[in-house]
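Student:
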Amino acid sequence: MNVLKEASYLKQGDIKRINALGVSETNQIWDSFKASKFEPFWKMNEKLSDWSSIVRVPVRICKGDRIFQEPIVPQTEDGQEKTLGQILLEQFEDLFRKRDDGSIESSCKVIVQGIQPSLDSSIVWLSKNLSHPDNFLYIIVRS
Numbered sequence: 177m178n179v180l181k182e183a184s185y186l187k188q189g190d191i192k193r194i195n196a197l198g199v200s201e202t203n204q205i206w207d208s209f210k211a212s213k214f215e216p217f218w219k220m221n222e223k224l225s226d227w228s229s230i231v232r233v234p235v236r237i238c239k240g241d242r243i244f245q246e247p248i249v250p251q252t253e254d255g256q257e258k259t260l261g262q263i264l265l266e267q268f269e270d271l272f273r274k275r276d277d278g279s280i281e282s283s284c285k286v287i288v289q290g291i292q293p294s295l296d297s298s299i300v301w302l303s304k305n306l307s308h309p310d311n312f313l314y315i316i317v318r319s
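In short: position in the sequence shown from 1, add 176, done, that's our numbering.
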């Protein structure tokens with residue numbers, strides 16, 4: 177539950193949604209997770225996120241034997257959703273570069289939940305659809 181609180185704080189800027197859960201709802205989250213019953217888990221987990229007011233995206237980037245955890249602001253200064261490539265360019269300027277057409281490229285392999293998403297993928301979409309049960313989005317970067 178503490179990691180869910182951490183992720184909730186990063187996303188919303190507070191943990192009011194988790195603190196507002198009743199004992200039975202908290203138990204349902206924990207019990208469904210322990211029993212590998214993910215449908216009830218994700219149903220309860222949806223109550224913890226208001227994607228319209230997301231402040232930061234909880235992300236953990238694994239590169240080699242290091243894990244980088246940075247609070248990721250999901251929008252650019254002009255209000256556009258950031259992409260996976262933009263996030264990785266900000267974190268690893270030596271491994272990713274911006275082309276003349278604005279797209280991001282790299283010789284690294286980027287893996288999220290076992291797939292290689294496009295570097296043009298929205299970081300919010302990836303977080304909403306591919307986060308782990310702890311509500312963090314894990315990104316693997318292989319050189």
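Ideal Cβ placement from N, Cα and C applies to all residues, glycine included.
Do three or more CB pairs link the segment 275-288 to the segment 255-266 at distances below 8 angstroms?
Tutor: Result yes; three or more Cβ-Cβ pairs closer than 8 angstroms.
Student: For Val300 versus Val233, is the C-beta spacing smaller than 8 angstroms?
Tutor: Cβ atoms of Val300 and Val233: closer than 8 angstroms.
Student: Is the separation between the beta-carbon of Phe217 and that of Ser225 shorter than 8 angstroms?
Tutor: no
Student: Is the separation between the beta-carbon of Leu313 and that of Leu306 shorter than 8 angstroms?
Tutor: yes
Student: With a cut-off of 8 angstroms on the beta carbons, I'd call Val231 and Gln188 a contact; round off their distance for me.
Tutor: 6 angstroms
Student: Is Gln262 near the ligand GTP - that is, is its Cβ less than 7 angstroms away from at least one heavy atom of it?
Tutor: You won't find the ligand GTP in this model; it holds no ligand whatsoever.
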